[in-house]
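All remarks here apply to the structure that follows.
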Amino acid sequence: MELLNWLTEPFAYGFMVNATLVTLAAAVVCGVLSCWLVLMGWALMGDAVSHAVLPGVALSFIFGVPFAIGALVFAMLAVFLIGGLRDSSRLKSDAATGVVFTALFALGIVIISRTPSQVDLTHILFGNVLGTGPAELAQVLILGAITLAILLIKRKDLVLLAFDRVHAHALGLNASALHALLLGLLALTVVASLQAMGTILVVAMLIIPGATAVLLTRSFSKMLLISVFLGLASTIVGVYASYYFDLATGASVVLAQAVFFAIAYLFSPTGGIIPQWRLRRAHAV
């Protein structure tokens, strides 16, 4: 009975239920997209888009419109600018990404500095998952469902793009269009997750699950399942830790993901540090 009370106590409060549901939904969407970002070497892209939405969020707060509108506008603007810079100049992808996201992030800070009484920088950067309600949950579910549906429909093409863009082009696929589609889905995912995690912590949600999964399996299908499972498990662990130890919920979820990554890095049978060390030691003997 005591264990049951311990498990159910956090969810006696409506705000904890909402926080858990929103974070679970965000974790699923981020976990799926994370696999593509890691395989394609787009970790910096996730960082860029999540930071580039700051001006949009700040302007939304100032003008009293839903923050998702401003965030989505600037997320898509960042994707467009990065692609345009990369395609129209000699800049490589990482350089174009760095230029765009730092410029837009700085713009957001300037906007906030001009209206300090209206916009809370901490709220934007780190989220306010405990302040989410039914409206925020509906937003995450709708945007997340759209993203997951498109990923499911275009899965084969996007997987081929991730592993061999040249082969995808040779088969008649429009690699540039698929590239743009994936960037658009990234923007949607960032917007969907922003309320729960903030612009900084959402980066971890987009990178760590996929990075952990790639250490545990060589199968993309299994990688997707592992990444989503890790996102869900990290959410549950983080929520309980934040409630019983009075910690920030979003940060607790990310730390739980980091712990899972460390375990996979050390003990994964497909490339963990300790199994490799034991194998080398056995061969040496």
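As numbered in this note's numbering, residues 1195 to 1479 make up the sequence shown, in order.
Backbone N, C-alpha and C define an ideal beta-carbon position, used for all residues, glycine too.
Excluding the 5 residues preceding and the 5 following M1154 in the sequence, name in chain order all residues of the same chain whose CB lies nearer than 6 Å to its CB. The chain is shown only over 1195 to 1479; residue 1154 falls outside these bounds and no answer can be derived.
Take the Cβ of P1260 as the centre, count every other Cβ of all protein chains shown within 10 Å, and call the residue buried at 16 or more, exposed below. Exposed is the call here.
Tell me whether the segment 1224 to 1233 and the segment 1399 to 1412 touch, counting them as touching only if at least three CB pairs, one residue from each stretch, are closer than 8 Å. Three or more pairs of CB atoms, one per stretch, sit closer than 8 Å, so the segment 1224 to 1233 contacts the segment 1399 to 1412.
Cβ neighbours of A1242 in the same chain (closer than 8 Å, five flanking residues each side left out): Excluding positions up to five away in sequence, the list reads A1272, I1276, T1291, G1292, V1294 and F1295.
Per DSSP, what kind of secondary structure is M1239 in: helix, strand or coil? Here M1239 sits in helix by DSSP.
Is there contact between the segment 1424 to 1440 and the segment 1208 to 1223, where contact requires at least three CB pairs shorter than 8 Å? Touching, per the Cβ criterion.
First through last residue of the alpha helix (DSSP H) which encompasses D1288: Annotation for D1288: the continuous alpha helix (DSSP H) segment containing it runs S1287 to R1308.
Give a yes or no on whether the minimum CB-CB distance between T1202 and chain D is below 8 Å. Absent here is chain D; the protein component of the structure consists of one chain.
Look at the alpha carbon of V1385 and the alpha carbon of L1285, and state the distance between them as a whole number of angstroms. Distance between the alpha carbons of V1385 and L1285: 27 Å.
Compare the C-alpha of G1235 against each of A1450, D1288 and L1419 and name the closest. Closest by alpha carbon: D1288.
Look at the alpha carbon of A1329 and the alpha carbon of L1426, and state the distance between them as a whole number of angstroms. Distance between the alpha carbons of A1329 and L1426: 21 Å.
Within 10 Å of its beta-carbon, does P1463 have 16 or more other beta-carbons around it, so buried, or fewer, so exposed? In this structure P1463 is exposed. Its beta-carbon is surrounded by fewer than 16 other beta-carbon atoms within 10 angstroms.
According to DSSP, simplified to helix, strand and coil, what is N1322? N1322: coil per DSSP, three-state reduction.
Give, in chain order, every unbroken run of the alpha helix (DSSP H) that is at least 4 residues long and sits entirely within the segment 1359 to 1420. Listed in chain order, the complete alpha helix (DSSP H) runs (minimum 4 residues) inside the segment 1359 to 1420 are 1359 to 1364 and 1369 to 1410.
So which of A1252, R1474 and S1446 has the shortest CA-CA distance to S1307? Relative to S1307, the option among A1252, R1474 and S1446 whose CA is nearest is A1252.
Using only the alpha-carbon positions, how far apart do R1475 and T1217 sit? A direct Cα-Cα distance of roughly 43 Å separates R1475 from T1217.
Spatial neighbours of R1266 in its chain, beta-carbon cut-off 6 Å, leaving aside the 5 residues before and after: It is Leu, not Arg, that sits at residue 1266 in the sequence shown. Non-local beta-carbon contacts of L1266 in its own chain, meaning distances under 6 Å to residues more than five positions away in sequence, involve V1385 in chain order.
In whole angstroms, what is the alpha-carbon distance linking K1350 and A1364? Each residue's Cα considered, the two are about 15 Å apart.
Could you tell me the alpha carbon to alpha carbon distance between L1346 and E1196, rounded to whole angstroms? Distance between the alpha carbons of L1346 and E1196: 42 Å.
Compute the minimum distance between the beta carbon of V1422 and the heavy atoms of the ligand NAP, and state whether it is under 7 Å. For the ligand NAP, the structure offers nothing, since it holds no ligand at all.
Roughly how many whole angstroms lie between the Cα atoms of L1419 and S1387? In this structure, the CA atom of L1419 is about 19 Å from the CA atom of S1387.
So L1331 and P1249 are in contact, right, with Cβ under 8 Å, and what is the actual spacing, rounded? The pair is not a contact, with the Cβ atoms about 25 Å apart (cut-off 8 Å).
Is A1219 closer than 8 Å to L1335 when the C-beta atoms are compared? The answer is yes: Cβ separation under 8 Å.
Please determine, among V1353, P1469 and Y1459, the residue with the shortest C-alpha to C-alpha distance to V1408. In terms of Cα proximity to V1408, the closest of V1353, P1469 and Y1459 is Y1459.
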